[in-house]
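Everything below concerns the one structure shown next.
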Amino acid sequence: MLERAQHENATEVTFVLPADSPSGDVSVVGDFNDWRPGAHPLAARGDGTRAVTVQMPAEQRVHFRYLAHGDYWFDEDGADGHDGQNGYVRT
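Below is the structure:
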């Protein structure tokens, strides 16, 4: 799930997953962090989910995927779209 907060020149996008699916560490990687695994790890929240918030420039199309333990790559079902290789979000 994606949560967004619009600001004047930026958009905060929060990437949210269930606490235990998939198990182990998960990070979100994409254009915004030069596809560096582990740069934006999801952390547990009190509501039983885990999440990370990333500030991005407004009015962009940003590609991303999740990377879980064991080199398991997966997509966000709630992304704004998919280009055949990655999901993307419009800020």
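If you use my numbering, the sequence shown corresponds to residues 1 to 91, in order. Glycine is no exception: its CB is placed at the ideal position from the N, C-alpha and C atoms. Everything numeric in this text was worked out from a predicted model, so none of it was measured.
DSSP beta-bridge partners for Pro41? In the sequence shown, the residue the question calls residue 41 occupies position 41. DSSP output for Pro41 lists Ser27 as bridge partner(s).
Runs of 3 residues minimum, wholly inside the stretch 58-82: which ones carry the beta strand (DSSP E) assignment? Taking 3 residues as the minimum length, the beta strand (DSSP E) runs contained wholly in the stretch 58-82 are 61-68, 72-74, in order along the chain.
So the candidates are Ala68, Pro57, Val62; which of them puts its Cα closest to the Cα of Val89? As a working mapping, residue 89 is identified with position 89 in the sequence shown. Sorting Ala68, Pro57, Val62 by C-alpha distance to the C-alpha of Val89 places Val62 at the top.
With distances taken Cα to Cα, identify the nearest neighbour of Leu42 among Gln85, Phe15, Gln60, Arg65. In the sequence shown, residue 42 corresponds to position 42, counting from 1. If we check each option's Cα against that of Leu42, Phe15 comes out closest.
Could you give the C-beta distance for Pro37 and Leu67, rounded to a whole number, given that I count them as a contact under 8 Å? Counting from 1 along the sequence shown, the entry for residue 37 is found at position 37. Counting from 1 along the sequence shown, the entry for residue 67 is found at position 67. Distance from Pro37 to Leu67 at the Cβ level is roughly 5 Å; contact confirmed, criterion being Cβ atoms closer than 8 Å.
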